[in-house]
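Take a look at the structure set out below.
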Amino acid sequence: MEKANSRLQVKNKAPAAVQITAEQLIREARERELEVIPPPPKQKISDPVELQEYKLRKRKEFEDNVRKNRLNVSHWLKYASWEDSQSEIDRARSVLERALDVFGSRSITIWLRYIEIEMKNRQAKHARTLFDRAVHILPRVNQFWYKYVHFEETLGNLPYCRQVFQRWMKFAPGEQEWQTYINFELRYKEVERARDIFASYVMQHPDPKNWIKFAKFEERHSTAENARQVFEYAFKYFDDRLLDEQLFIAFAQFEERQHEHERAQAIYEVALEKLPKDKIPELYEQYSNFQKRHGSIENVERLFSQKRKLFYEEKLAKDSFDYNTWFDYIHLAEEYKFSIEDTRDIYERAIANVPEDRTNKDCWRRYIYLWIYYAIFEETTANDPERAFKVYRFCLDRIIPHESFTFAKIWTMAAKLQIRLSNPDKCRDILDEGLKRCPTKKLFKEYIEIEMEFRDFTKCRSLYEQFRRLYCLDSYVYINYAQLEAVLQENVRARCIFEFAIKIPELSSPEDVWKAYIDFEAECQEYDNVRSLYERLLNETNHVKVWVSYAQFYEDREEFSRAREIFDRANERLRDEEPLTRVILLEAWRTFESRLGDKGIDISHKMPTIVSKRKLNEDQDEWVEHYEYTFPDSDKKKSSLMDRVKRWKQQAKEEANDGQEA
Numbered sequence: 008m009e010k011a012n013s014r015l016q017v018k019n020k021a022p023a024a025v026q027i028t029a030e031q032l033i034r035e036a037r038e039r040e041l042e043v044i045p046p047p048p049k050q051k052i053s054d055p056v057e058l059q060e061y062k063l064r065k066r067k068e069f070e071d072n073v074r075k076n077r078l079n080v081s082h083w084l085k086y087a088s089w090e091d092s093q094s095e096i097d098r099a100r101s102v103l104e105r106a107l108d109v110f111g112s113r114s115i116t117i118w119l120r121y122i123e124i125e126m127k128n129r130q131a132k133h134a135r136t137l138f139d140r141a142v143h144i145l146p147r148v149n150q151f152w153y154k155y156v157h158f159e160e161t162l163g164n165l166p167y168c169r170q171v172f173q174r175w176m177k178f179a180p181g182e183q184e185w186q187t188y189i190n191f192e193l194r195y196k197e198v199e200r201a202r203d204i205f206a207s208y209v210m211q212h213p214d215p216k217n218w219i220k221f222a223k224f225e226e227r228h229s230t231a232e233n234a235r236q237v238f239e240y241a242f243k244y245f246d247d248r249l250l251d252e253q254l255f256i257a258f259a260q261f262e263e264r265q266h267e268h269e270r271a272q273a274i275y276e277v278a279l280e281k282l283p284k285d286k287i288p289e290l291y292e293q294y295s296n297f298q299k300r301h302g303s304i305e306n307v308e309r310l311f312s313q314k315r316k317l318f319y320e321e322k323l324a325k326d327s328f329d330y331n332t333w334f335d336y337i338h339l340a341e342e343y344k345f346s347i348e349d350t351r352d353i354y355e356r357a358i359a360n361v362p363e364d365r366t367n368k369d370c371w372r373r374y375i376y377l378w379i380y381y382a383i384f385e386e387t388t389a390n391d392p393e394r395a396f397k398v399y400r401f402c403l404d405r406i407i408p409h410e411s412f413t414f415a416k417i418w419t420m421a422a423k424l425q426i427r428l429s430n431p432d433k434c435r436d437i438l439d440e441g442l443k444r445c446p447t448k449k450l451f452k453e454y455i456e457i458e459m460e461f462r463d464f465t466k467c468r469s470l471y472e473q474f475r476r477l478y479c480l481d482s483y484v485y486i487n488y489a490q491l492e493a494v495l496q497e498n499v500r501a502r503c504i505f506e507f508a509i510k511i512p513e514l515s516s517p518e519d520v521w522k523a524y525i526d527f528e529a530e531c532q533e534y535d536n537v538r539s540l541y542e543r544l545l546n547e548t549n550h551v552k553v554w555v556s557y558a559q560f561y562e563d564r565e566e567f568s569r570a571r572e573i574f575d576r577a578n579e580r581l582r583d584e585e586p587l588t589r590v591i592l593l594e595a596w597r598t599f600e601s602r603l604g605d606k607g608i609d610i611s612h613k614m615p616t617i618v619s620k621r622k623l624n625e626d627q628d629e630w631v632e633h634y635e636y637t638f639p640d641s642d643k644k645k646s647s648l649m650d651r652v653k654r655w656k657q658q659a660k661e662e663a664n665d666g667q668e669a
């Protein structure tokens, strides 16, 4: 056993000296294929004996081929074609019969070649016999039937051709085969026969399009009444669940061609009523075109509204939180005057889609307007203000999350509705409730405006006091509070409010308060107070706008010298500020002097010049050019500074020399 194993072991595992690659094998095989094989010598047959020898040799080759590979159809077909080329029709038939026996008479190719040979040799009876055999064995092969009827029609044997069609139709072929039979009868003007075939055709293939073909056939070859009966039979045949929009469209278009516009409109309306709304886009389009041609404006608008309604319903079925689509749907209902109940139903469906996020106010803004539109609709269109108030009340009590945010507009609109209902006390109750639950700035403003309309100024003062306590850093509160007192000619109270406001260091917009205070004193013609306010303001700020406004105050009072003094003071005060602010001041000063005409003075010597300078940009490591304003007085300052520097250097040098001498 050990000896046998030792013989099986490979002793030399080194690679062979000459390696054969796959590329080399392919190349050698290709070279052998490309070897030129000399063609066989041409043979010229000159007597019957040689011809018989040639035929014998060829038959032997064919017989050898079919014997070696009996299931190769091409060998049999070549054999039969060769016999046919030698005018040996009987031998060709024998070969093909043998082939049919081999393939069990199921080879379509052999049958077709067999029939072709018989037809080529004008053997009509043999060909007809073969057709009968073929369609008997393979009745579902439509190719045999097509060739059979074409063969008989070519021979002019129409009765027999018709019999072939009838035999064919017994096997329930497809729609195209029935249409071929109908076209055959129509070619020979056999309308009655074609009608009978159509009747069987629509029973065999009860598709709506086939009923439409039948009706068009009757319309073309018979009367409109017969075509109408076909459509009526079709609607009786189909159940309501199986009705197709194309059948309705074809029927309506037929009636329109017959100028029966009322019938056509009735058909369209029945279709819109019975068919599902989401499966009839083409029906809507055809009905719309029909109404444009023959309908009234009211019908066209009604159809358009139905079409848009279907479109919005489809969009909302996909996303019920698409508030923009709800608004479009509502506008459609109100514009085309849907019934009150239908419009109310749309509103109810819309407001049922409450946003899920109860902390983010942004996603609620569009939604809350659905409630506002709903209440306005109930008040104006439905003429039911009580129901409108219930809408507001339900929204305030059940919908808005007041613990997170609120909407002052809802509170205000509900309150104003009570005013229109002549219930001012209920209006105040609603607004007071709103301030208790969510005292927002907007709600305070709306409440104060309503009380101003009521001329209840005591209530206005009370509201402003509440407003001020809650929003003590909001300049709007103090400005409007003081303006209210000014309107009531309570100037002392107004000044107290302004004085209180300007002393608050963290006020939101103190400049607005100062401006309102100054305007108030100017309207009261208290010009000394105006000057005092400007001086106080300039002690706190050095803003160029304050200086310009101060100068304009004197200009308006035609105190031009004082205005010029203010400009001069401002120019001195702004000397150390940003150059641009000083440029703004000087431009305003020059404009002021130009308005004075001959009385004005020339300040061009004070205007700056623009100097181009280069500056190193450290980020990009390159020099960039920029422009600076250079004022005349700044040059004087620089020259005096340089003189002092020179004197200091000279003094330092002299002291150093004295020290060396010592």
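Numbering (my numbering), first residue to last: 8 to 669.
Cβ atoms here follow ideal geometry from the backbone N, Cα and C, with glycine treated the same way.
Since we're looking at a predicted model, the values are computed, not measured.
- The Cβ-Cβ distance between residue 610 and residue 593 falls below 8 Å.
- Two segments are said to touch when three or more pairs of C-beta atoms, one from each, lie closer than 8 Å; by this definition the stretch 540-552 touches the stretch 511-528.
- Counted as a single uninterrupted DSSP element, the alpha helix (DSSP H) harbouring residue 382 occupies residues 369-383.
- By the C-beta density criterion, residue 91 is buried, having at least 16 other C-beta atoms within 10 angstroms.
- With fewer than 16 other Cβ atoms from the protein chains shown falling within 10 Å of its own Cβ, residue 465 counts as exposed.
- Looking from the CA of residue 183, the closest CA among 260, 217, 484 belongs to 217.
- Under the DSSP assignment, residue 531 falls outside any alpha helix (DSSP H); it carries neither an H nor an E label.
- Around the beta carbon of residue 195, fewer than 16 other beta carbons sit within 10 angstroms, so the residue counts as exposed.
- The beta carbons of residue 221 and residue 237 sit closer together than 8 Å.
- For residue 636, DSSP records a beta bridge to 617.
- Taken atom to atom, the span from the alpha-carbon of residue 496 to that of residue 452 is near 21 Å.
- Positions of the alpha helix (DSSP H) runs, each at least 4 residues long and wholly inside the stretch 440-521, are given as 448-461, 464-477, 482-494, 498-509 in order along the chain.
- With 16 or more other Cβ atoms from the protein chains shown falling within 10 Å of its own Cβ, residue 487 counts as buried.
- Exclusion of the five residues before and after residue 93 leaves 62 as the residues of its chain whose Cβ lies within less than 8 Å of its Cβ.
- Taking residue 433 as the centre and dropping the five residues before and after it, the same chain places the C-beta of 425 closer than 7 Å to its C-beta, in chain order.
- Within its own chain, the residues whose Cβ lies closer than 6 Å to the Cβ of residue 333, once the five positions on either side in sequence are excluded, are 357, listed in chain order.
- Between residue 396 and residue 359, the CB-CB gap reaches or exceeds 8 Å.
- For the alpha helix (DSSP H) assignment, the uninterrupted runs of no fewer than 4 residues enclosed by the stretch 288-327 are, from N- to C-terminal side, 288-301, 304-325.
- In this structure residue 365 does not touch residue 431 by the C-beta definition: roughly 33 Å separates them, more than the 8 Å allowed.
- Residue 31 carries a helical assignment under DSSP once its states are collapsed to helix, strand and coil.
- By alpha-carbon distance to residue 298, the top candidate from 263, 429, 336, 475 is 263.
- For the pair residue 322 and residue 331, the Cα-to-Cα distance works out to about 11 Å.
- Rounded to whole angstroms, the separation of the alpha carbons of residue 638 and residue 658 is 31 Å.
- With 16 or more other Cβ atoms inside 10 Å of its own Cβ, residue 82 counts as buried.
- Counting along the chain, residue 274 sits inside the alpha helix (DSSP H) bounded by residues 268-281.
- In chain order, 82 place their CB closer than 8 Å to the CB of residue 76, counting only its own chain and leaving out the 5 sequence neighbours on each side.
- For residue 560, the closest C-alpha among the options 586, 583, 438, 529 is that of 529.
- Residue ranges of uninterrupted alpha helix (DSSP H) with 4 or more members, entirely inside the stretch 61-136 and ordered along the chain, are 80-92, 96-109, 115-127.
- With a cutoff of 8 Å on beta-carbon distance, residue 124 and residue 106 are scored as not near each other.
- The C-beta distance from residue 115 to residue 150 rounds to 7 Å, short enough to fall under 8 Å.
- Counting only runs of at least 4 residues, the stretch 528-603 fully encloses the following alpha helix (DSSP H) elements, listed from N- to C-terminal order: 534-547, 551-563, 567-580, 586-603.
- Around the CB of residue 304, fewer than 16 other CB atoms lie within 10 Å, so the residue is classed as exposed.
- Between residue 418 and residue 450, the gap from beta carbon to beta carbon is short of 8 Å.
- Going by DSSP, residue 198 is part of the alpha helix (DSSP H) stretching over 198-211.
- Of 446, 458, 461, the smallest CA-CA separation from residue 475 is found for 446.
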